[in-house]
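Below is one structure, written out as structure tokens, with a few remarks after it.
Protein chains: 2
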Amino acid sequence: MAKDEIPRRAIYRVSIYQRCLQRLKENEVDTVSSQALAKAAGVKPTQLRKDLAYFGQFGTRGLGYDVANLSEVLTEVLGRTRFQPVIIAGIGNLGSALLRYGGFQREGFEIVAGFDVEPNRVRDPDIKTPVYHEDKMVAFIRKHQVKMAILSVPASCAQGVANDMVTGGIQAILNFSPTVLEVPEKVIVNGVDLALELENLSYFIR
Amino acid sequence: MAKDEIPRRAIYRVSIYQRCLQRLKENEVDTVSSQALAKAAGVKPTQLRKDLAYFGQFGTRGLGYDVANLSEVLTEVLGRTRFQPVIIAGIGNLGSALLRYGGFQREGFEIVAGFDVEPNRVRDPDIKTPVYHEDKMVAFIRKHQVKMAILSVPASCAQGVANDMVTGGIQAILNFSPTVLEVPEKVIVNGVDLALELENLSYFIR
DNA sequence: ATATGTGAACGGCTTCACAGCC
DNA sequence: GGCTGTGAAGCCGTTCACATAT
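Residue numbers (the working numbering), protein chains in the order written: chain G, 1 to 206; chain S, 207 to 412.
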């Protein structure tokens, strides 16, 4: 099945299924129905089955899915079989928090370096990740063949830093700046816009 | 036009239009076409016009939109005419960063209090927002009629804290925990799942 | 001439209904 | 009987084409 026929949202959900399976494994459950797994993931059972169908047939009719097996399959599907190095540009408030955040490591990502215009600014001493000057970023990306980057610089310089990332060879950017980035088509950008999310919520409360 | 006929994503885009208008105002541009505004927002002109049409007619044919006027209208539409108080539960890495983050204030939100199981844990001294014990949260929400909350506690206690928020009367939650929250239908939840976004990106790079 | 506003067509994702298998 | 796998139907949001206004 070609990748671009798979709904983008389905990929997000597969990640969620994967997490739920992990929890089931910890609890030594070894079989799960689409109904139960879907409930845990907050979706409808048919949707779960449809999502899995994009990648193959993994269940046993009348029984359900083997937790360990399905979990392995999804890890494969998501391409998370090996650690993925990530860099981060902009080590301010948010950037520092992201460096300390354990959630990435847990999911198989490692932030290998940070970059900032003020690399020596005072920071939490238990940040072990090295922080270099932004000048060094392009060379670092090239040398270590890094494909993924987190962008947490102020909006005003986001596009410039993104350009450097692309120059170095970054293929995917997680963008925390409240800006619309212009990048070549082959580069993927996911945006996380905190103020936007709050604004959106405020619209719905009355 | 009834609120629930408007696509949820359209609301996000309206916030983005609003931001672009702000920038235009700063540059003393006073008229803008759907084409120009759409480009700045990263969408197609027809989509912009369709989005605005959900709320009324604001343009002049043959000319475009009056920047100041449209901006006012959108502020009204988004319900961001007055400051909105927000509380935050979980003042760890991420929570502290969010407290220091200026982007919320800029968009008309004020984090009025933080809550944590360890309210006296050592934190950046230039955080001015008071941090109380989580026990006090429900009473605080009630007393100050707070409607919006940010949830940045560990996944394992997210549901419990969310329940308290709902008990107090919170109507909208911005959830940073990698969990599917179960809340009454009338309560809105927007999730920001950092590891999920990275996983999603890693799927698309090859 | 130029740009908005909008019904209709389109496309993609979700849900349904049921066939297939244990 | 129970549960998965899947073509078909339904739904929702986006895009198109053009009528309308200045």
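Glycine is no exception: its CB is placed at the ideal position from the N, C-alpha and C atoms. The structure displayed is predicted, hence computed values, not measured ones.
Selection from the options that minimises the alpha carbon distance to residue i
i: residue 33 of chain G; options: G:60, G:163, G:76 and G:5; result: G:60
i: residue 63 of chain G; options: G:30, G:178, G:155 and G:157; result: G:30
i: residue 340 of chain S; options: S:360, S:227, S:296 and S:372; result: S:296
i: residue 66 of chain G; options: G:204, G:183 and G:28; result: G:28
i: residue 354 of chain S; options: S:325, S:384 and S:392; result: S:392
i: residue 182 of chain G; options: G:162, G:143 and G:40; result: G:162
i: residue 289 of chain S; options: S:301, S:352 and S:332; result: S:352
i: residue 18 of chain G; options: G:74, G:86, G:54 and G:38; result: G:74
i: residue 105 of chain G; options: S:217, S:401, S:371 and S:390; result: S:401
i: residue 54 of chain G; options: G:45, G:160, G:10 and G:197; result: G:10
i: residue 386 of chain S; options: S:399, S:374 and S:408; result: S:399
i: residue 129 of chain G; options: G:102, G:51 and G:15; result: G:102
i: residue 378 of chain S; options: S:293, S:306 and S:244; result: S:293
i: residue 320 of chain S; options: S:305, S:254, S:332 and S:276; result: S:305
i: residue 383 of chain S; options: S:412, S:301 and S:349; result: S:301
For residue j and residue i, believed in contact at Cβ under 8 Å, the rounded distance
i: residue 303 of chain S; j: residue 93 of chain G; result: 5 Å
i: residue 405 of chain S; j: residue 107 of chain G; result: 6 Å
i: residue 79 of chain G; j: residue 409 of chain S; result: 6 Å
i: residue 137 of chain G; j: residue 168 of chain G; result: 6 Å
Secondary structure of residue i, DSSP reduced to three states
i: residue 174 of chain G; result: strand
i: residue 129 of chain G; result: coil
i: residue 166 of chain G; result: helix
i: residue 200 of chain G; result: helix
i: residue 6 of chain G; result: coil
i: residue 138 of chain G; result: helix
i: residue 222 of chain S; result: helix
i: residue 192 of chain G; result: coil
i: residue 238 of chain S; result: strand
i: residue 356 of chain S; result: strand
i: residue 412 of chain S; result: coil
i: residue 24 of chain G; result: helix
i: residue 184 of chain G; result: coil
i: residue 161 of chain G; result: helix
i: residue 349 of chain S; result: helix
i: residue 250 of chain S; result: coil
Against chain S, which members of the region 35–63 of chain G pass a CB distance test of less than 7 Å?
41 and 42
Taking a cut of 7 Å between CB atoms, which residues from the region 182–202 of chain G lie near chain S?
Taking a C-beta cut-off of 7 Å against chain S, the contacting residues of the region 182–202 of chain G are 188, 190, 192, 194, 195, 196, 197, 198, 199, 200, 201 and 202, listed in chain order.
Please go through the region 253–329 of chain S and give each complete beta strand (DSSP E) segment of 3 or more residues, from N-terminal end onward.
270–272, 290–295 and 315–322
Residues from the region 126–149 of chain G in contact with chain S, defined by Cβ distance under 7 Å:
147 and 148
Using a beta-carbon distance cut-off of less than 9 Å, what residues from the region 275–291 of chain S approach chain G?
Closer than 9 Å at the C-beta level to chain G, one finds these residues of the region 275–291 of chain S: 283, 284, 285, 286 and 290.
For the region 357–371 of chain S, enumerate the residues whose C-beta is nearer than 8 Å to any C-beta of chain G, in chain order.
none
At a Cβ cut of 9 Å, what residues of the region 11–24 of chain G count as close to chain S, listed as they run along the chain?
Hits within the stretch, in order: 11, 12, 14, 15, 16, 18, 19 and 20.
Which residues of the region 298–310 of chain S have a Cβ closer than 8 Å to any Cβ of chain G? Give them in chain order.
299, 300, 302, 303, 304, 306, 307, 309 and 310
Contact residues within the region 376–388 of chain S, judged by C-beta distance below 7 Å to chain G:
377, 378, 380, 384 and 386
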